[in-house]
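Numbering follows the working numbering, with no gaps: position 198 of the sequence shown is 201.
We put the beta carbon where it would ideally sit given N, CA and C, even for glycine.
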Amino acid sequence: MIGLISDIHGNYPALQEVLAALDQMKVSDIYCLGDVVGYFTQINECCEELRHRKIPSLLGNHDWYMAAGSFCPRSKSVNDCLRYQTEIITAENREWLAAQPVYRKAHNIFMVHGGWSDPIDEYLSPEKSYFERLPGRWFASGHNHVQTLADFGDQVYCNPGSVGQPRDNDPRAAFATFDGHTFSLHRVAYDIDEVGRLMDKAGFSGYYYGSLRTGARRLQWAEPEEKIKD
């Protein structure tokens, strides 16, 4: 059995709990579908944990922004976080991100971060017609932070969900396993307050991490009465 993780986004407390759960399951290998960095403060810790464990990763869009010294074309909030992270990431971790591939096949699973039309930045809505044009039986991608399992009979698609920033109204960290024939979806709780404390310390308001408490799709304030224009 192998583990699939994705969209860690610098959320080290969540990553630690997910990896502990996978260790308990005694998986043989773990694969990351990209976006190790972005949003939260502990990007170096997350990169170094994957590097230390020799967990293969893919290049996600946030990883690309960081590796290329670029910015997100559609989100001021993402760019606010990127500016901070650009100042703290180590040269070794930036080089490691830049070296990650955009496609991988392992254990008969075809893996990308986004989708097979755009491996880095496609927001995939899994439909049978989409996969019928692709060779293979098992597919996995991340990017949209929504844990998904879609069985089309001859083909099966899995999005393990987001370790670090779930957007499917469940705040627990998400991941998946694959036993060679079947994908299984999993969730685990983690210390969300620690992420907020570190974000506060770095100068970020609750707007940038409040949605962690609900697993909402959009960034939101930790306190409802506060407002900001983004």
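> Going straight from the alpha carbon of Ser-194 to that of Val-81, what length do you get?
Replying inline: Along the sequence shown, one-based indexing puts residue 194 at 191. Along the sequence shown, one-based indexing puts residue 81 at 78. For the record, residue 194 in the displayed sequence is Asp; it is not Ser. Taking the straight line joining both Cα atoms gives about 22 Å.
Pull the bridge partners of His-189 from the DSSP assignment, please. On the sequence shown, position 186 is the one that residue 189 refers to. For His-189, which the question treats as bridged, DSSP gives the partners Phe-178.
Item to complete: For my contact list, Gly-167 and Ile-11 are in at a C-beta cut-off of 8 Å; report their separation, rounded to the angstrom.
Response: Stepping through the sequence shown from its first residue, residue 167 is reached at position 164. Stepping through the sequence shown from its first residue, residue 11 is reached at position 8. Contact flag correct, Cβ pair sits at about 5 Å.
When Gly-156, Cys-84 and Leu-36 are compared against Ser-208, the one with the closest alpha-carbon: In the sequence shown, the residue the question calls residue 208 occupies position 205. Answer by Cα proximity: Cys-84.
Taking one C-beta from the segment 87–100 and one from the segment 117–131 each time, how about it: are there three or more such pairs within less than 8 Å?
-> Touching, no.
DSSP three-state assignment for Trp-99, whether helix, strand or coil:
Locating residue 99 in the sequence shown gives position 96, where the first residue counts as 1. Reduced to three states, the DSSP call for Trp-99 is helix.
Limits of the unbroken beta strand (DSSP E) element including Asp-32
One-based indexing of the sequence shown puts residue 32 at position 29. Element bounds for Asp-32: 32–35.
Exercise. Can Leu-36 and Gly-145 be called in contact, C-beta distance under 8 Å?
Worked result: In the sequence shown, the residue the question calls residue 36 occupies position 33. In the sequence shown, the residue the question calls residue 145 occupies position 142. For Leu-36 and Gly-145, yes; Cβs fall inside 8 Å.
Which listed residue (Val-40, His-189, Glu-130 and Arg-220) has its alpha carbon closest to that of Glu-98: Sequence index remark: in the sequence shown, residue 98 carries index 95 (1-based). Closest by alpha carbon: Val-40.
What's the gap between the Cα of Thr-185 and the Cα of Gly-206?
Within the sequence shown, residue 185 is the residue found at index 182, counting from 1. Within the sequence shown, residue 206 is the residue found at index 203, counting from 1. Roughly 43 Å separates the two Cα atoms.
| Mind checking whether Ser-60 and Gln-19 have CB atoms under 8 Å apart? | Sequence index remark: in the sequence shown, residue 60 carries index 57 (1-based). Sequence index remark: in the sequence shown, residue 19 carries index 16 (1-based). Not closer than 8 Å, so no.
From Cys-50 to Leu-62, what does the alpha carbon distance come to, in whole angstroms? Here residue 50 refers to the residue found at position 47 of the sequence shown. Here residue 62 refers to the residue found at position 59 of the sequence shown. C-alpha separation (whole angstroms): 12 Å.
Measuring only the C-alpha atoms, how far is Ala-225 from Met-202? Indexing the sequence shown from 1 puts residue 225 at position 222. Indexing the sequence shown from 1 puts residue 202 at position 199. Since pLDDT at Ala-225 reaches only 36, below the 50 mark, its modelled position is unreliable, and the value read off the structure follows with that caveat. C-alpha separation (whole angstroms): 12 Å.
Open item on the list: Which of the three DSSP states is assigned to Asp-66 in this structure?
Closed with: As a first step, residue 66 is located in the sequence shown; it is residue number 63 there, counting from the start. The answer is helix: DSSP assigns Asp-66 an H, G or I state.
* Could you please give the first and the last residue of the uninterrupted beta strand (DSSP E) stretch that includes Ala-143? => Counting from 1 along the sequence shown, the entry for residue 143 is found at position 140. Segment 141–143, the beta strand (DSSP E) holding Ala-143.
Just to check my reading of the structure: Asn-14 and Asp-38 have Cβ atoms closer than 8 Å, yes? What is that Cβ distance to the nearest angstrom? Here residue 14 refers to the residue found at position 11 of the sequence shown. Here residue 38 refers to the residue found at position 35 of the sequence shown. Not really, about 11 Å apart at Cβ, beyond 8 Å.
Option nearest Lys-79 by Cα separation, candidates Tyr-42, Glu-48, Leu-100 and Ala-71: Sequence index remark: in the sequence shown, residue 79 carries index 76 (1-based). Considering only alpha carbons, the answer is Tyr-42.
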